[in-house]
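Everything on this sheet refers to the single structure shown next.
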Amino acid sequence: MIPVLQSRWAVRDKYLIYYGLRKQPDTFKSKIKISSRTAAFIKSLDGTRTLEDYTEHKITFAIKRLIKQKIIIDVTDKSIIPSSFDDASFCVRCPANNFVIPGLELNSEGLCPICTTFPSIKNLGSVLPVKNIIPPTPTARFDVALFYTGGKDSSYLLYYLSRVLGLRVMALTWKHPYMSDNALKSIANAKELLPEVTFVVREASPTALKKIYSKCYELQENTCICPSVAYVLFFPLLLENPVPYLVLGNEPAQSKALILNRLVPKILYRPTVKKALRLAVNIGRVFMLRKTFREGQLEMYITVKNLAFRKNSILKKLGYKNEVMDNLVASLAEAGEMLIPLQYAVQKSKKGGDIPALVHIDFDELSETGSYDWRSIKRLLTSELGWVDSAQEDKGLHTSCGIERCKEYSQLTRFREMKSGIIPFSALELSLAVLQGSLTREQAIDEMKKHCGFSEFPKKENRIMTDFFK
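Heads up: take any position in the sequence shown, counting from 1, add 9, and you land on our numbering.
Dropping the structure here:
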């Protein structure tokens, strides 16, 4: 045996890290603690000597276990990462493949870990409280607020809240430099067709945005910070004009993708855990003579506090240690002057507790078929809101962003090179969307190949992205 470390494994400090998705039962076992002796042995593997030739190292039980687990393998068994869709191995049920997810393992039936994990996460709606029916609040000016981007998902949420539930809605739009033309047209049309909705549009300071985007690009090679700036711009407004609920309605696949990307522990999706956490916090607030949080308010407070002050002990204890959040708060901190109103509002809400509840609406549960069908939703929105689709009408994900391909390209490149542990979001979301019935496997593969930024460097979009802050 000529030992080498299997592809996609790397030594990081005191750990072996797997950059990929392992097949069951090891899907969430991507981090193995190792001793300094084991790390030194792995780093010495040169792919030319047999195991017996490493006389300077003792072949310990830990090393033998890594060999048994096929983490250390013979050089002839080392996996090759494909460089294109043509060379990739695809899951037989969904569009997942080892080109867009380097290190994706398939089981003996040809199924990927997304498919084999899906039954256990299928009914997990969101880390936020799920509240599909929002009651009116006669004592407030507005019943509900939402972040409105003009994209498919926020447009459907706007339609549902205003026309189906008949609520008094405040639609909050952060107008940023990268909004797609079709999203801007959709917003303009919705304003005409929904006179009962109050639309509020705000822009961030260009000077502050340039600082934020520049830092974000330095950290992750893209400027994806949505919807964080919307919280910065609008949370103080929501305190000045009390609104009982701020409602999010993401594409259902996005919520579940957080679990597979190991960004949020699965246990936090369970309602009983959310209630227990809120109860524990409220007991502390009672002793401090502060108003207790109702459902969704703790989630809102944690979110805005983390954005405002770049730290949150509760988040860390709950397993929210991830590079996406770290990069985000580090980027926002570059424009400290923009955070001052948010910081003041957070301090005020800490004492009084009069803040909107941050809740989620599950689009799958609203559907008669049990799945959020993209094509049907697009037809509905076009008819009811004058919604304008993107130029690529068969594209379903991220329809409001003009530089989404830049994020996809940078996430794939950084993950492939093992600079980042973040699996490309769109790769997971499209696979999950197929399993949920939002589109077919063939449609998802077509979107991956034609519309996502996986195949080539998106020159046009990258120029749009970088020209703003350089």
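Virtual Cβ for every residue (Gly too), placed ideally from N, Cα, C.
Let me know the secondary structure DSSP gives Lys359 once reduced to three states. Note: Lys359 maps to helix in three-state DSSP.
Apart from the five residues just before and just after Leu257, which ones in its own chain have a Cβ nearer than 6 Å to its Cβ? Excluding residues within five positions, the ones whose Cβ falls inside 6 Å are His369.
How many Å lie between Lys40 and Lys468 at the Cα? Rounded to the nearest angstrom, the gap between the Cα atoms of Lys40 and Lys468 is 35 Å.
Using a 10 Å radius around the Cβ and a threshold of 16 neighbouring Cβ atoms, would you call Asp382 buried or exposed? Counting of Cβ neighbours within 10 angstroms places Asp382 among the buried residues, the total reaching 16 or more.
How would you label Val238, buried or exposed, when you count the other beta carbons within 10 angstroms and need 16 or more for buried? With 16 or more neighbouring CB atoms inside 10 Å of its own CB, Val238 falls in the buried class.
Please name the residue, chosen from Gln445, Tyr418, Ile196, Val139, that lies closest to Ser435 on a Cα-to-Cα basis. With distances taken between CA atoms, Ser435 lies nearest to Tyr418 out of Gln445, Tyr418, Ile196, Val139.
Can you have a look at Phe424 and say buried or exposed, based on whether 16 or more other CB atoms are within 10 angstroms of its CB? Phe424 is buried by the Cβ-count criterion.
If you reduce the DSSP assignment to three classes, tell me which class Pro12 lands in. Pro12: strand per DSSP, three-state reduction.
Would you decide whether Arg150 is buried or exposed? Buried here means 16 or more other CB atoms lie within 10 Å of its CB. Counting every other CB atom within 10 Å of its CB across the protein chains shown gives Arg150 a total below 16, marking it as exposed.
State yes or no: is the C-beta of Lys184 within less than 7 Å of the C-beta of Glu212? Judged by beta-carbon spacing, Glu212 lies within the 7 Å limit of Lys184, meaning their Cβ atoms are closer than that value.
The beta strand (DSSP E) with Phe156 in it runs from where to where? Segment 153-156, the beta strand (DSSP E) holding Phe156.
With a CB to CB cut of under 8 Å and the five nearest residues on each side skipped, what residues in its chain are close to Glu227? Within the same chain, and ignoring the five residues on either side of Glu227 in sequence, no residue has its Cβ closer than 8 Å to its Cβ.
For Gln120, which residues from the same chain have a beta carbon less than 7 Å from its beta carbon, with the 5 sequence-adjacent residues on both sides left out? According to the sequence provided, residue 120 is Leu. The question's Gln does not apply to it. Here the set comprises Cys100, Val101, Arg102.
Sequence-distant residues of its chain with Cβ nearer than 6 Å to Leu60 (five each side left out): Answer for Leu60: Met10, Pro12, listed in chain order.
By alpha-carbon positions, which one of Leu181, Tyr165, Leu30 ends up nearest to Ile123? Residue nearest to Ile123 within the set Leu181, Tyr165, Leu30 is Leu30 (criterion: CA-CA distance).
Closest residue to Leu375 among Tyr168, Ile80, Gln356, Val84 (Cα-Cα distance): For the residues Tyr168, Ile80, Gln356, Val84, the minimum Cα distance to Leu375 belongs to Tyr168.
Restricting to runs no shorter than 3 residues, where is the beta strand (DSSP E) found entirely within the region 72-115? Listed in chain order, the complete beta strand (DSSP E) runs (minimum 3 residues) inside the region 72-115 are 81-83.
For Asn106, count neighbouring Cβ atoms within 10 angstroms of its own Cβ and tell me buried if that reaches 16, exposed if not. Asn106 comes out buried.
Would you call the region 277-290 and the region 391-410 in contact, with 3 or more CB pairs under 8 Å? Too few Cβ pairs lie closer than 8 Å, so no.
Terminal residues of the continuous alpha helix (DSSP H) containing Phe50? Segment 45-53, the alpha helix (DSSP H) holding Phe50.
In angstroms, rounded to a whole number, what distance separates the CA positions of Glu413 and Tyr222? Going from the Cα of Glu413 to the Cα of Tyr222 covers about 15 Å.
Under the rule that 16 or more other beta-carbon atoms within 10 Å means buried, what is Asp55, buried or exposed? Per the 10 Å Cβ criterion, exposed.
Please work out which residues of its chain come closer than 8 Å, Cβ to Cβ, to Ala154, disregarding the five sequence neighbours upstream and downstream, and give them in chain order. So the list reads Val178, Met179, Ala180, Leu181, Phe243, Leu247, Val252, Tyr254, Leu255, Val256, Pro365, once near-sequence residues are dropped.
Is it true that the CB of Lys458 sits closer than 7 Å to the CB of Phe94? It is a contact, given that the beta carbons lie within the stated cut-off.
Complete beta strand (DSSP E) runs within the region 328-396 (minimum length 3 residues, chain order): Within the region 328-396, the runs of beta strand (DSSP E) that reach at least 3 residues and sit entirely inside it are, in chain order, 366-369.
Less than 8 Å between the CB atoms is what I'm expecting for Leu115 and Ser98, so what's the real figure, rounded? Confirmed, about 6 Å.
Below-7 Å beta-carbon distance, Ser53 vs any chain B residue: The structure shown contains no chain B; it is built from a single protein chain.
Roughly how many whole angstroms lie between the Cα atoms of Ile143 and Leu174? Computed Cα separation, rounded: 8 Å.
Which word fits Arg287, buried or exposed, when buried means at least 16 other C-beta atoms lie within 10 angstroms of its C-beta? Buried is the call here.
Nearest-angstrom Cα distance between Thr158 and Ile386? Their backbone Cα atoms lie some 16 Å apart in a straight line.
Helix, strand or coil: how does DSSP classify Thr422 here? Collapsing the DSSP output to three states places Thr422 in a helix.
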